[in-house]
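**Q**
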Amino acid sequence: MSSVTTTPVPRPATVARPTGRTAPVLRQLLLLALAVVVVAPFAWMVTTSLKDYADVYRPPYLWPQEFHVGNYGRAWDAAPFAGYYVNSLIMTGGILVGHVMLDTLAAYAFARLRFPLRNTLFLVLVATMLVPQFVTVLPAYDLVIRLGWYDSYAALIVPRMADVFGIVVLRAFMASIPAELDDAARLDGAGPWRSLWSVTLPLCRPALATVGMFSFLYAWNDFLWPLLVTSDDTHRTIQLGLSTFSSKYGTYPELLMAGTVTAAVPALVIFLFLQRAFIRGVASTGLK
Amino acid sequence: MLAPTLVVIGVFVVYPIVGTGYLSLTSWDGFSEIKKWVGLGNYTRLFRDPAFLNSLWVTVLYGAGVCVAGVVSGLGIAVLLNGAFRGRGVYRAVFFLPVVTSSIAAATVWRYVFGDTGVLDAVLRFLHLPAPNWLGDPSLALVSLVLLTAWKSLGLNVVLYLTALQTLPADVYEAAAVDGASRWQQLRRITVPLLAPMTFFVVIEGLITSFQSFDLVYALTGGGPLGGTETLGFLTYREAFRLSHFGYGAAVAYTAFALVLGVTLIQWRLGGRERWSS
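From first to last, the protein sequence lines stand for chains A and B. Going by this note's numbering, the first sequence opens with residue -16, and the numbers climb by one from there. Going by this note's numbering, the second sequence opens with residue 180, and the numbers climb by one from there.
1) I believe Tyr36 (chain A) touches Tyr235 (chain A) by the beta-carbon criterion, under 8 angstroms. Please report the beta-carbon distance rounded to the nearest angstrom.
2) Please classify Ala246 (chain A) as buried or exposed, where buried requires at least 16 other C-beta atoms within 10 Å of its C-beta.
3) Taking just the CA atoms, how far does Leu96 (chain A) sit from Phe206 (chain A)?
4) Is Gln48 (chain A) close to chain B? Criterion is C-beta to C-beta, closer than 8 angstroms.
5) Quick check: the Cα distance between Ala62 (chain A) and Ala285 (chain B), rounded to an integer number of angstroms?
6) How big is the Cα-Cα spacing for Leu333 (chain B) and Ala182 (chain B)?
7) Answer with buried or exposed for His218 (chain A), where buried requires no fewer than 16 other C-beta atoms within 10 angstroms of its C-beta.
8) According to the neighbour-count rule (16 or more other Cβ atoms, all chains shown, within 10 Å of its Cβ), is Trp46 (chain A) buried or exposed?
9) Find the residues of chain B that neighbour Met144 (chain A), judging by a C-beta separation of less than 7 angstroms, and give them in chain order.
10) Using alpha carbons as the reference points, say which of A:Gly53, A:Thr243, A:Arg259 lies closest to Phe25 (chain A).
11) I need the DSSP call for Trp289 (chain B), collapsed to helix, strand or coil.
12) Count Cβ pairs between the segment 142 to 162 of chain A and the segment 102 to 115 of chain A that sit closer than 8 angstroms; are there 3 or more?
13) Below 8 angstroms on C-beta distance, what does Trp27 (chain A) contact in chain B?
14) Buried or exposed: which applies to Arg143 (chain A), given that a residue is buried once 16 or more other Cβ atoms fall within 10 Å of its Cβ?
15) What first and last residue would you give for the alpha helix (DSSP H) that runs through Pro277 (chain B)?
16) Are Val217 (chain B) and Thr205 (chain B) close, meaning C-beta to C-beta below 8 angstroms?
17) Considering only residues of the same chain and omitting the five flanking positions on each side of Asp134 (chain A), which have a CB-CB separation below 8 angstroms?
18) When the Cα atoms are used, what is the spatial distance from Leu257 (chain A) to Leu251 (chain A)?
19) Whole angstroms are fine: how far does the CA of Val298 (chain B) sit from the CA of Ala(-1) (chain A)?
20) Tell me the DSSP secondary structure of Thr220 (chain A) in three-state form.
21) What residues from the segment 254 to 277 of chain B come within 9 angstroms of chain A, judged by C-beta to C-beta, listed N to C?
22) Would you kindly work out how many angstroms separate the C-alpha atoms of Pro161 (chain A) and Thr328 (chain B), rounded to a whole number?
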């Protein structure tokens, strides 16, 4: 600390304002061009979903001549999209609640309680994150069959109720909360459950929000596992429904794109609302 | 408190890891009562099986493509976005949109982008360039798959690189500017080397993604044409669930897993360590 003696110079007020400057023209043009390329498939998806069948392959590609909102109704009539939606909501809700509850409990145990093999168990859990999904699906599928869960919500939800990513995020966050708060509650006679519920949990809201966001996206967009453990429209989710729909109605791009928009929209809307928190979550955890 | 988590992870993750190893030593079909023991038979068969060797090669090419595309596009766009200017947040959100889009929806749209009556060929024809049959030719289909994957993970790589860029020391750049280094020289001689740990991380993520890749393959090409896009993840699915070769599928899965682990360890030893420990 040799520089302590110099008097701190007040920062010029202009430097700290990120919105006050415009980037050089070249940079703006490059970014704009790249953004157009990235967004083009979305634009094509939305405009095609509003076109008349005859206009799909006719220029102007990115703008409908007339708006056929009725394509959405026709797509939803052509396949049981409403049922797929309900199934997706049930599965996503179940997984979300499971993650928030089980991850919180496990994270609290790892962050605050002392028990034998604590660090070993944590390492084993973290190591499972490196295992690709296709390494576990075969025996997991066999288990689901033997439990009689094929084509059920239990098969869609229970095997994915706990997730290590959430435990790691929550544990790190809990570790950053001073343990004294917890100790004080324990001295006042609160057990671990009570002190988790009334002291730690209210402070963990930002981390819980991060875990919830990631869990929602994971569950809503998930495909392989529901594909393996369901065969029947009564339990199939929207992503599976879309996939089946695209093999049946591939020759009707306007209907298929209407279906695609409805499958993609919930995740996109959630992202647009929570965009800042979401990107901060990715930047700080470095993970999907 | 830990019990529910340990039960779920133990039953549906840890047990299956071991279970797949056991299955890979049998010729089980996925439904019979008997799981016939075949020892290492599945593994010796693997290395004589053209479908597996093709899939291995496809996965390696796919992984290399995804990594190169991911590093170049992620780094390039992050450098453009680095700094304070108007509209930065909007651009960042736009580049992130594909990440949160479901793979099935994304691939469904891209199938029409690449299709022979699709938008991409229309643009190419308009520019008087050759308009190839993207999804009809095995190697071009793999290129299409790489492009789709790069598009889908672009936002993730941009955000990761942006985070790393913000930790770079400003005084090094000031010193370089004083010494007369151009912007390009600064990028090549300072930024890229200093970002090496993040590049390792992005490469590992890219490799793991491409070894696991299933949804995008399933919905864009279904592994075809002629196996041109059949990654190891997809081959596992096809062997086990379409051909009822659970034992053989398990051997494919285990071999692919060993490769992912091996690559990760090599990368880690080569220098990604700082990033992993932080």
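Every residue gets a Cβ at the ideal spot worked out from N, C-alpha and C, and that includes glycine. Quick caveat, the model's predicted, so the values are computed rather than measured.
**A** Short version:
1) Contact between Tyr36 (chain A) and Tyr235 (chain A) holds, since their C-beta atoms are separated by about 6 angstroms, short of 8 angstroms.
2) buried
3) Looking at the backbone, the Cα of Phe206 (chain A) and that of Leu96 (chain A) are separated by about 37 angstroms.
4) Chain B contact via Cβ: absent.
5) The alpha-carbon atoms of Ala62 (chain A) and Ala285 (chain B) are separated by roughly 20 angstroms.
6) 38 angstroms
7) buried
8) Within 10 angstroms of the beta-carbon of Trp46 (chain A) lie fewer than 16 other beta-carbons, which makes it exposed.
9) Val187
10) A:Thr243
11) DSSP places Trp289 (chain B) in helix when its eight states are reduced to three.
12) The count of Cβ pairs closer than 8 angstroms, one atom from the segment 142 to 162 of chain A and one from the segment 102 to 115 of chain A, reaches three, so the stretches are in contact.
13) Val288, Tyr291, Val292, Val298
14) buried
15) 267 to 279
16) yes
17) Val212, Thr213, Ser214, Asp215, Thr217, His218
18) 10 angstroms
19) Low confidence applies here, because Ala(-1) (chain A) scores a pLDDT of 37, under 50, leaving its location unreliable; read the following figure in that light. Rounded to whole angstroms, Ala(-1) (chain A) to Val298 (chain B) spans 43 angstroms at the Cα level.
20) coil
21) Gly255, Ile256, Leu259, Leu260, Gly262, Ala263, Phe264, Arg265, Gly266, Arg267, Gly268, Val269, Tyr270, Arg271, Ala272, Val273, Phe274, Phe275, Leu276, Pro277
22) Between Pro161 (chain A) and Thr328 (chain B), the C-alpha separation is close to 42 angstroms.
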